[in-house]
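Counting in our numbering, the sequence shown runs from 46 upward without gaps.
Idealized CB from N, CA, C, for every residue including glycine.
One structure is given below, encoded as structure tokens.
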Amino acid sequence: MPVNLPAKHIYMLNLISGILFFLASTITSLMTAANFQTLLVLTIIVIIYWILAVTLTGLYKTSRNMKQIHLKTLISIVIIMVVFAIQQLMFIKIPFSASFVFFAFSLVFLILLHIMYFRLRFHD
């Protein structure tokens with residue numbers, strides 16, 4: 046049976062995801078030599094791509110279990126990372142080490158968010 050969350054819950058999860066992306070950029074700026082203002086560009090682009098990925102994959106509508114949610118999250122983050130790496134080579138001057146750290150923290154935070162939110166819905 047799919048999750049099929051109501052719109053209010055999807056908006057809440059997207060808001061929390063956005064906050065977690067900002068947290069990941071803050072931690073990344075503390076751990077690497079990247080400037081926080083520069084990482085804000087990365088964060089805003091990634092939030093837009095994340096909302097697009099959630100919509101396209103049906104992450105909160107059609108997923109049937111935790112494994113599928115984690116797989117869709119991982120695939121979405123990897124695709125966003127590849128697209129951003131191409132943009133990074135052409136336009137944005139952020140060190141690759143900083144973007145990899147950012148995406149690693151983002152993936153961990155998103156998986157933890159999904160575990161916390163969906164643990165009562167799915168009993169694997």
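Please look up how many angstroms separate the CB atoms of residue i and residue j, rounded, as I've assumed it's under 8 Å.
i	j	result
S62	L155	6 Å
L65	S74	L65 to S74, Cβ: 15 Å. No contact.
S121	T100	Not really, about 11 Å apart at Cβ, beyond 8 Å.
A98	A143	The Cβ separation is near 21 Å, so there is no contact.
I need the boundaries of the alpha helix (DSSP H) containing residue i, first residue and last residue.
i	result
I93	81 to 102
I64	52 to 76
K112	111 to 135
Consult DSSP for residue i and reduce its assignment to one of helix, strand or coil.
i	result
L165	coil
I139	coil
V48	coil
S151	helix
S108	coil
What number of angstroms, rounded off, separates the C-alpha of residue i from the C-alpha of residue j?
i	j	result
V128	I114	21 Å
F81	S151	16 Å
L119	V153	10 Å
I72	P47	34 Å
L165	I55	16 Å
I137	Y94	16 Å
L60	L104	15 Å
I92	I125	10 Å
Taking 6 Å as the cut-off, is the C-beta of residue i nearer than that to any heavy atom in the ligand NAP?
i	result
I93	Of the ligands one can find in the structure shown there are none, so the ligand NAP has no counterpart to examine.
Segment contact flag, the segment 50 to 57 with the segment 107 to 125, C-beta cutoff 8 Å, min 3 pairs:
no
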